[in-house]
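Undergrad: Note that full-length UniProt numbering numbers the sequence shown so that position 310 is 310, with each residue one more than the last.
The beta-carbon is built from N, C-alpha and C at its ideal position, and this holds for glycine as well.
First, the structure itself, so that you have it in front of you.
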Amino acid sequence: MASPSRPSTEWKAAAAARDAIGQADAPGDEIAPTIASVKEARMRTQVGIVGAGPAGLMLSHLLHRQGISSVVIESRSREYVEHRLRAGVLEQGSVDLLRETGLGARLDREGMRHEGIELRFDGESHRVPMTELTGRAITVYGQQEVVKDLIAARLDAGGTILFEAPAERLSGLDSAPVIHFRHQGREEELHCDFVVGCDGYHGISRPAVPDGVLTTYERTYPFAWLGVLAAAPPAVDELIYAHHERGFALYSMRSPQISRLYLQVPADEDIADWPDERIWAELRTRLETVPNWTLNEGPILEKGITPLRSLVVEPMQWQRLYLAGDAVHIVPPTGAKGMNLALADVALLGDAFAAWYADGSTELLDGYSRTALRRVWRAQQFSWWMTSMLHRLNADDPYEAKLQSATLRYVSTSRSYATSLAENYVGLPQV
Ligand code: RFL
Ligand code: PHB
1 MASPSRPSTE WKAAAAARDA IGQADAPGDE IAPTIASVKE ARMRTQVGIV
51 GAGPAGLMLS HLLHRQGISS VVIESRSREY VEHRLRAGVL EQGSVDLLRE
101 TGLGARLDRE GMRHEGIELR FDGESHRVPM TELTGRAITV YGQQEVVKDL
151 IAARLDAGGT ILFEAPAERL SGLDSAPVIH FRHQGREEEL HCDFVVGCDG
201 YHGISRPAVP DGVLTTYERT YPFAWLGVLA AAPPAVDELI YAHHERGFAL
251 YSMRSPQISR LYLQVPADED IADWPDERIW AELRTRLETV PNWTLNEGPI
301 LEKGITPLRS LVVEPMQWQR LYLAGDAVHI VPPTGAKGMN LALADVALLG
351 DAFAAWYADG STELLDGYSR TALRRVWRAQ QFSWWMTSML HRLNADDPYE
401 AKLQSATLRY VSTSRSYATS LAENYVGLPQ V
């Protein structure tokens, strides 16, 4: 790899120039403009990051802790990214990462530690005692809370996140990368040593790689999840994954007052066909299948439909572009792995950039894709397995339905099979 510039102190002189290039809303000391005149103001940083989801924000946080400058370019507003309703389950490793990097305070106060999950099928309920089986646990803490904590930490530390700044294209990836973006009605450029694309599946980073370089492995499912957030105290302490002849249902939560519930629906379903009463009726049918158990209902605050898909794009790097999170891999949410994988990717990248900037070592950067893909494929297999076990698959194939029942019964009665589920669900420390 050609040698990008080593850590510089250039960026410390950023504040005045930042105002000159019109970023008054972006507090931070991590832009490194080289200014000949106001007109020629150029933003420069060591690592340019596209996307302020969990991946991009955590990477910026980790780099800052290593003394490496970064700028995050985000197309949406701060308000939007802080309220986008998504994942809810943090693996033990993600919780450890947040705590070790100073982001554990609110997580420890508000996050809900769960030591088991329930599998519900054939009118029975079976608990998988995850902590008893693995010594580890998960924490229920909304993705938007992780995003809020990361944004606050970056801004408090003087970091730069440019909101409402859509990246339009990347150039110079072979030697001197530039992120071209729009901000406050102007075309802007961010010059950097490396670009990390954390801009999700619909972003611009992955498509910046020429055709033929990347290989895509993909599976789509003929169903989606209809998800609701309801102002109803959760009726249970642990998540319920329910297999029912009418389709899968999931009972989750966000706080002692707020439930998060999902229903399997056909892939092309229209949310307009699901008035609140129909949603509650279907949830009752699929979840109230064991004696003396009733759902707590309440006003529905939000609802939406998410298609399910599995996707991996390899390798996760090209020239000076590194890809992380949903930009290169997507899992169906059944295994609760998406956000956790995004965090695991950037933990690797944080170490790799630290090694590079410390002494020019390329070993970790060169190994990034290979190392990250081991965890990605483990999560792919687990998410596919959970999805196949729990959803209503092909209604015309009774053989498949019998296999599902056999799998559910086995995982509910065999300690070793349950341990396999549990160790994947809480997250394997090493893969
Ligand atoms: P994100 O969060 O999508 O962030 C990408 C960011 O990039 C921005 N962006 C751009 N910015 C600038 N210029 C451009 N041209 C841009 N194009 C895009 C976007 O605005 C956005 O802010 O990706 P990241 O960081 O990789 O994080 C991935 C996770 O968000 C995702 O994997 C999880 O939400 C998946 N997921 C779950 N993951 C879990 O670990 N546990 C769960 O329990 C879980 N449940 C879920 C889920 C996802 C769901 N949905 C809605 C897809 C449940 C659901 C229903
Ligand atoms: C959630 O709480 O949003 C959630 C929990 C478990 C999953 C997916 C989503 O598998």
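In this structure, what does DSSP give as the bridge partners for M43?
TA: As a working mapping, residue 43 is identified with position 43 in the sequence shown. The partner list for M43 (beta bridge, DSSP) reads L190.
Undergrad: Alpha carbon to alpha carbon, what distance is there between G335 and M389?
TA: Here the question's residue 389 lines up with position 389 in the sequence shown. Here the question's residue 335 lines up with position 335 in the sequence shown. When rounded, the distance between both Cα atoms is 11 Å.
Undergrad: Would you call the CB atoms of I49 and V196 closer than 8 Å?
TA: Counted from its first residue, the sequence shown places residue 49 at position 49. Counted from its first residue, the sequence shown places residue 196 at position 196. Yes. Within cutoff.
Undergrad: Kindly indicate which three-state DSSP category Q23 falls into: helix, strand or coil?
TA: Taking the first residue of the sequence shown as position 1, residue 23 is located at position 23. Legend: pLDDT at Q23 = 36, less than 50; position of this residue unreliable, no value from coordinates given.
Undergrad: Determine which residues share a DSSP beta bridge with R409 and list them.
TA: Within the sequence shown, the letter at position 409 stands for residue 409. Answer by DSSP bridge pairing: none, since R409 is not bridged.
Undergrad: Looking at C-alpha atoms only, which residue of M112, F163 and R309 is the closest neighbour of R76?
TA: Within the sequence shown, the letter at position 76 stands for residue 76. Ranking the options by Cα distance to R76, first place goes to F163.
Undergrad: Under 7 Å Cβ to Cβ from H83, same chain only, skipping five residues before and after it: list those, please.
TA: As a first step, residue 83 must be located in the sequence shown, where it is residue number 83. Excluding residues within five positions, the ones whose Cβ falls inside 7 Å are Q144.
Undergrad: So is the beta-carbon of S310 under 7 Å away from any non-hydrogen atom of the ligand RFL?
TA: Residue 310 sits at position 310 when you count from the first residue of the sequence shown. Every heavy atom of the ligand RFL is 7 Å or more from the Cβ of S310, so no.
Undergrad: Who's in the neighbourhood of the ligand PHB, going by beta-carbon under 5 Å from any heavy atom, listed in chain order?
TA: Going by the Cβ distance cut-off, the answer is G88, V89, S252, R260, P333 and A336.
Undergrad: Just checking R86 against the ligand RFL - is the residue's beta carbon closer than 7 Å to any of the ligand's heavy atoms?
TA: Taking the sequence shown and counting its residues from 1, one reaches residue 86 at position 86. Yes.
Undergrad: Cβ of D96 within 7 Å of any heavy atom in the ligand RFL?
TA: Along the sequence shown, one-based indexing puts residue 96 at 96. Incorrect: D96 has no Cβ contact closer than 7 Å to the ligand RFL.
Undergrad: Short of 8 Å in beta carbon distance, which residues of its chain neighbour K39, apart from the five on each side in sequence? Order them along the chain.
TA: Here the question's residue 39 lines up with position 39 in the sequence shown. With a pLDDT of 41 at K39, under the threshold of 50, the modelled position of this residue cannot be trusted, and the question is left open.
Undergrad: Any idea what DSSP makes of A32, helix, strand or coil?
TA: Locating residue 32 in the sequence shown gives position 32, counting from the first residue. Any reading at A32 needs caution, since the residue's pLDDT is 49, under 50, leaving its predicted position unreliable; the model's value is listed next. The answer is coil: DSSP assigns A32 none of H, G, I, E or B.
Undergrad: Does DSSP put Y201 in a helix, a strand or coil?
TA: As a first step, residue 201 is located in the sequence shown; it is residue number 201 there, counting from the start. In the structure shown, Y201 sits in coil (DSSP, three-state: anything other than H, G, I, E or B).
Undergrad: Apart from the five residues on each side of it in sequence, which residues of its chain come closer than 6 Å, Cβ to Cβ, to R392?
TA: Within the sequence shown, numbered from 1, the residue matching residue 392 stands at position 392. Closer than 6 Å at Cβ, skipping near neighbours: G247.
Undergrad: Please indicate yes or no: does the CB of R76 lie closer than 7 Å to some heavy atom of the ligand RFL?
TA: Residue 76 sits at position 76 when you count from the first residue of the sequence shown. Between the ligand RFL and the CB of R76, the shortest heavy atom gap is smaller than 7 Å.
Undergrad: Using the Cβ count rule (16 or more neighbours within 10 Å means buried), how would you classify P210?
TA: The count along the sequence shown starts at 1 and reaches residue 210 at position 210. Answer is exposed; the Cβ neighbour count stays below 16.
Undergrad: Using 10 angstroms around the beta-carbon of I271, count the other beta-carbons present and answer buried if the total reaches 16, otherwise exposed.
TA: Indexing the sequence shown from 1 puts residue 271 at position 271. Looking at its Cβ environment, which holds fewer than 16 other Cβ atoms inside 10 Å, I271 is exposed.
Undergrad: Please tell me whether L301 and A249 are closer than 8 Å, where the distance is taken between their beta carbons.
TA: Within the sequence shown, residue 301 is the residue found at index 301, counting from 1. Within the sequence shown, residue 249 is the residue found at index 249, counting from 1. It is not a contact, given that the beta carbons lie outside the stated cut-off.
Undergrad: In terms of residues, what are the limits of the alpha helix (DSSP H) holding G350?
TA: Locating residue 350 in the sequence shown gives position 350, where the first residue counts as 1. Start and end: G338 to D359.
Undergrad: Can you tell which of V81, H64 and E238 has its C-alpha closest to the C-alpha of T139?
TA: In the sequence shown, counting from the first residue as 1, residue 139 sits at position 139. Here the closest residue by C-alpha is E238.
Undergrad: Just curious, the beta strand (DSSP E) that V331 is in, first and last residue?
TA: Start at 1 with the first residue of the sequence shown, and residue 331 comes out as number 331. No beta strand (DSSP E) holds V331; DSSP gives it neither H nor E.
Undergrad: Ignoring anything shorter than 4 residues or poking outside the segment 94 to 166, list the alpha helix (DSSP H) runs there in chain order.
TA: 105 to 110, 130 to 134 and 143 to 156
Undergrad: Following the continuous beta strand (DSSP E) through T289, name the residue where it begins and the one where it ends.
TA: Here residue 289 refers to the residue found at position 289 of the sequence shown. Segment: none, T289 is in no beta strand (DSSP E) and carries neither H nor E.
Undergrad: Quick one: Cα of L348 to Cα of I73, how far?
TA: By 1-based counting over the sequence shown, the position of residue 348 is 348. By 1-based counting over the sequence shown, the position of residue 73 is 73. In a straight line, the C-alpha of L348 is about 21 Å away from that of I73.
Undergrad: Any heavy atom of the ligand COA inside 7 Å of the beta-carbon of V128?
TA: The ligand COA is absent from the structure shown, which contains only the ligand RFL and the ligand PHB.
Undergrad: Assess contact between the segment 117 to 127 and the segment 399 to 419, defined as three or more Cβ pairs (one per stretch) separated by less than 8 Å. Is contact present?
TA: yes
Undergrad: Excluding five sequence neighbours on each side, which residues of the same chain lie with their C-beta closer than 8 Å to the C-beta of S171?
TA: Position 171 of the sequence shown, counting from 1, holds the residue named residue 171. Only P177, V178 and H180 meet the Cβ criterion.
Undergrad: Counting C-beta neighbours from all protein chains within 10 Å, is the total for T294 16 or more, i.e. buried, or is it exposed?
TA: Here residue 294 corresponds to residue number 294 of the sequence shown, with the count starting at 1. Classification of T294: exposed, given that the 10 Å Cβ count is below 16.
Undergrad: Between the alpha carbons of E79 and I151, how many angstroms are there, rounded?
TA: Taking the sequence shown and counting its residues from 1, one reaches residue 79 at position 79. Taking the sequence shown and counting its residues from 1, one reaches residue 151 at position 151. Cα to Cα, E79 sits roughly 11 Å from I151.
Undergrad: Please tell me whether, using a cut-off of 7 Å, the distance from the CB of M339 to the nearest non-hydrogen atom of the ligand RFL is below it.
TA: Within the sequence shown, residue 339 is the residue found at index 339, counting from 1. Yes, Cβ of M339 sits closer than 7 Å to a heavy atom of the ligand RFL.
Undergrad: Using only the alpha-carbon positions, how far apart do S94 and L365 sit?
TA: Translated into the one-based positions of the sequence shown, residue 94 becomes position 94. Translated into the one-based positions of the sequence shown, residue 365 becomes position 365. Looking at the two C-alpha atoms, the distance is approximately 21 Å.
Undergrad: Is D174 closer than 8 Å to Q66 when the C-beta atoms are compared?
TA: Start at 1 with the first residue of the sequence shown, and residue 66 comes out as number 66. Start at 1 with the first residue of the sequence shown, and residue 174 comes out as number 174. No; because the gap between Cβ atoms is not below 8 Å, this pair is not in contact.
Undergrad: Taking the CB atoms as reference points, tell me whether D351 and G325 lie closer together than 8 Å.
TA: Here residue 351 is taken as the residue at index 351 of the sequence shown, counted from 1. Here residue 325 is taken as the residue at index 325 of the sequence shown, counted from 1. No. Outside cutoff.
Undergrad: Pop quiz: V331 and I305 are said to be a contact at Cβ under 8 Å. What is the actual Cβ separation, rounded to whole angstroms?
TA: The sequence position of residue 331 within the sequence shown is 331, counting from 1. The sequence position of residue 305 within the sequence shown is 305, counting from 1. That pair is no contact at about 18 Å.
Undergrad: Would you check if the distance between the CB atom of S252 and the CB atom of L263 is smaller than 8 Å?
TA: Taking the sequence shown and counting its residues from 1, one reaches residue 252 at position 252. Taking the sequence shown and counting its residues from 1, one reaches residue 263 at position 263. Against a cut-off of 8 Å, the Cβ pair of L263 and S252 comes out as no contact.
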